[in-house]
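Enquirer: Handing you a structure now.
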Ligand code: NBP
């Protein structure tokens, strides 16, 4: 074969990734289950680079230079297993299969282990940036072995986005590490969008600003600390007017947020690891509530607040609440990556994750530079909230943040993201938590025992008897 690399699965993502590879001078073998899409790609984009159109899987594999490298860009789940099986049957030890779809990291771990037994290198890689990113430079999060990265990494770094000349691609860690961090990236994306939606809702409800006026506020915010792709496109969407009705676009869209599942996976995993990712969880639950048509209908006449508390500086207060809540949501997501890294032995460099998310991906933002710097100063940082640059930002924002949460509560606008982030912040900084009472209750009804603040050991009080305390062995 003569092709440097192959792409199978030529829907939007695969097609654009293949074109991106070709633009960088690679000879790219292309393949798709439905062959007409392969022909279409080659016919429409032949002038952009060197494509090798192939029909059967055997032809596709045979077209690749050994050791072969084939990237799969198909629907995640059983389709991916079917395609891997098909490719592996035609491959030899030393060849490599790369899954660029949104696989669940546990599937990636299973696939990597199974292919290793057959001598085939398997790399599960996160790719973020949608179709535009795939074409012009995505953020790429490859897992798999260091050996696989040695030959694959330079190609992926080549086609990735660059920020200040630094590629938005690095080896994340072994087996499923790449797909894991892509999952957390998507979870953080959910919380970013939820916080933006709360900011919009609050300003609209409290101040009666029109979507067009709010678009200008977001444009303004995008010039400061909040500068990011999501804030930028929020201004675009809010400023858009529906051509059919002349009404603001946001007012003609059904208010039920859908999800494909990566946010839910992030929260499920966080529950297993015991990491409180409240920002991501609230975002997933808020989408669930929005789609719960039956209960929303049944609850329409529930009583709301009477009157409202004025908050004269609301616009800038909301900006600060958004920034502070965002800091919390990111801190939690990074905690989750740290916990998983420990659990699975991935050795993930958290600062590198912030670095490769600065460009190409959906959560790309100026803000990530600060996270990178925080981990550069202290790689063992227990929480981003405690790094000087963020603790100062939180100190500055917290007054506004509290006013926003209380204004929202008093006028009856739900802000689960802002509110729970503030509760997390206040929970972490507390000297004493009411968890002591919970321990007492647990000991009362279940003899679950407790520790004391003043002595070593494990204790139980005989609640149903003389209430004497006994030290457990
Ligand atoms: P889709 O997720 O819509 O998948 C369509 C592709 O999968 C087509 O090429 C289709 O072939 C192929 N396919 C299916 Br479905 N079942 C197959 C099977 N059993 N055997 C062989 N091929 C099969 O495409 P996409 O939106 O381009 O996304 C590709 C991957 O990238 C997904 O895993 C997705 O989660 C991930 N991703 C998507 C985005 C995004 O913005 N869309 C961003 C980041 C990651 P056919 O043409 O013959 O039906």
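Numbering (the UniProt record's numbering), first residue to last: 7 to 479. Using N, Cα and C, we set each Cβ at its ideal position, and we do this for glycine too. Small disclaimer: the values here were computed from a predicted structure and weren't measured.
1) Give me the DSSP bridge partner(s) of residue 456.
2) In angstroms with no decimal places, state the Cα-to-Cα distance between residue 95 and residue 103.
3) Could you have a look at residue 449 and say whether DSSP puts it in helix, strand or coil?
4) I'd like to confirm something about residue 133: is its beta-carbon nearer than 8 Å to some heavy atom of the ligand NBP, or not?
5) Spell out the partners DSSP gives residue 174 in its beta bridges.
6) Identify every run of the alpha helix (DSSP H) within the stretch 52 to 78, keeping only runs that are complete inside it and at least 4 residues long; order them along the chain.
7) If you follow the alpha helix (DSSP H) that residue 476 is in, where does it begin and where does it stop?
8) I need the boundaries of the alpha helix (DSSP H) containing residue 37, first residue and last residue.
9) When the Cα atoms are used, what is the spatial distance from residue 429 to residue 403?
10) Evaluate contact between the stretch 12 to 22 and the stretch 62 to 79, counting only Cβ atoms and requiring at least three cross-stretch pairs below 8 Å.
11) Since residue 167 and residue 149 should fall inside the 8 Å C-beta cutoff, what is the C-beta to C-beta distance between them, to a whole number of angstroms?
12) Confirm, please, whether the CB-CB distance from residue 211 to residue 293 is below 9 Å.
13) Once DSSP output is grouped into helix, strand and coil, what is the label at residue 321?
14) Between which two residues does the alpha helix (DSSP H) carrying residue 379 extend?
15) Mind checking whether the beta-carbon of residue 88 lies closer than 8 Å to any heavy atom of the ligand NBP?
16) So residue 256 is in the beta strand (DSSP E); what residue range does that whole segment cover?
17) Taking all protein chains shown into account, decide if residue 452 is buried (16 or more other Cβ within 10 angstroms of its Cβ) or exposed.
18) Could you compute how far the alpha carbon of residue 277 sits from the alpha carbon of residue 373?
19) Given the structure, does residue 266 come close to the ligand NBP, in the sense that its CB is under 8 Å from one of the ligand's heavy atoms?
20) Which residue comes first and which comes last in the alpha helix (DSSP H) that contains residue 237?
21) Counting Cβ pairs, one atom from each stretch, are 3 or more of them under 8 Å apart for the stretch 108 to 115 and the stretch 181 to 190?
22) Taking 8 Å as the cut-off, is the C-beta of residue 216 nearer than that to any heavy atom in the ligand NBP?
23) Name the DSSP bridge partner or partners of residue 5?
24) Do you know whose CA, among 395, 450, 370 and 359, lies nearest residue 177's CA?
25) Would you mind stating whether residue 390 and residue 380 have Cβ atoms separated by less than 9 Å?
26) Mapping DSSP to helix, strand and coil, what is residue 417?
27) Expressed to the nearest angstrom, what Euclidean distance is found between the alpha-carbon atoms of residue 204 and residue 421?
28) Could you check which residue in 399, 138, 37 and 60 has the C-alpha nearest to that of residue 26?
29) Counting C-beta neighbours from all protein chains within 10 Å, is the total for residue 450 16 or more, i.e. buried, or is it exposed?
30) On a Cα-Cα basis, can you pick out the residue from 73, 165 and 115 that is closest to residue 487?
31) Taking 8 Å as the cut-off, does the CB of residue 108 come closer than this to any heavy atom belonging to the ligand NBP?
32) In the DSSP assignment, what are the bridge partners of residue 102?
33) Measuring from the CB of residue 38, is there a heavy atom of the ligand NBP at a distance below 8 Å?
34) Under the rule that 16 or more other beta-carbon atoms within 10 Å means buried, what is residue 132, buried or exposed?
35) In three-state DSSP terms, what is residue 250?
Expert: Inspection of the coordinates gives the following:
1) Beta-bridge partners of residue 456 (DSSP): 465.
2) Each residue's alpha carbon lies about 12 Å from the other.
3) Helix, per DSSP.
4) Checking the Cβ of residue 133 against the ligand NBP gives yes.
5) In DSSP, residue 174 forms no bridge with anything.
6) Whole alpha helix (DSSP H) segments, 4+ residues: 63 to 68.
7) Secondary structure note for residue 476: it is in no alpha helix (DSSP H), and the uninterrupted beta strand (DSSP E) holding it is 475 to 478.
8) It is not in any alpha helix (DSSP H) - residue 37 instead sits in the beta strand (DSSP E) that spans 34 to 37.
9) Computed Cα separation, rounded: 14 Å.
10) Result yes; three or more Cβ-Cβ pairs closer than 8 Å.
11) That belief does not hold up - the Cβ atoms of residue 167 and residue 149 are roughly 19 Å apart, past 8 Å.
12) Residue 293 places its beta carbon 9 Å or farther from that of residue 211.
13) Residue 321 falls in the helix class under three-state DSSP.
14) 373 to 383 is the extent of the alpha helix (DSSP H) around residue 379.
15) Flag set: Cβ of residue 88 near the ligand NBP.
16) Element bounds for residue 256: not the beta strand (DSSP E) but the alpha helix (DSSP H), 255 to 258.
17) Its Cβ having fewer than 16 others within 10 Å, residue 452 is exposed.
18) Whole-angstrom Cα-Cα distance: 27 Å.
19) Yes.
20) Start and end: 235 to 245.
21) Yes: at least three Cβ pairs fall under 8 Å.
22) Checking every heavy atom of the ligand NBP against the Cβ of residue 216, none is found closer than 8 Å.
23) What is shown of the chain runs 7 to 479, which leaves residue 5 out entirely.
24) Checking every option, the nearest Cα to that of residue 177 belongs to 359.
25) Yes, Cβ-Cβ distance for residue 390 and residue 380 is below 9 Å.
26) It is helical.
27) Near 6 Å, if we compare the C-alpha coordinates of residue 421 and residue 204.
28) Closest option to residue 26, Cα to Cα, is 138.
29) Residue 450 counts as exposed, since fewer than 16 other C-beta atoms from the protein chains shown sit within 10 angstroms of its C-beta.
30) A question about residue 487 goes unanswered here, because the residues of the chain that appear run from 7 up to 479.
31) Yes, the Cβ of residue 108 comes within 8 Å of a heavy atom of the ligand NBP.
32) In the DSSP output, where bridge partners are listed per residue, residue 102 has 75 and 127.
33) Yes, Cβ of residue 38 sits closer than 8 Å to a heavy atom of the ligand NBP.
34) When all chains shown are included, residue 132 counts as buried.
35) Coil.
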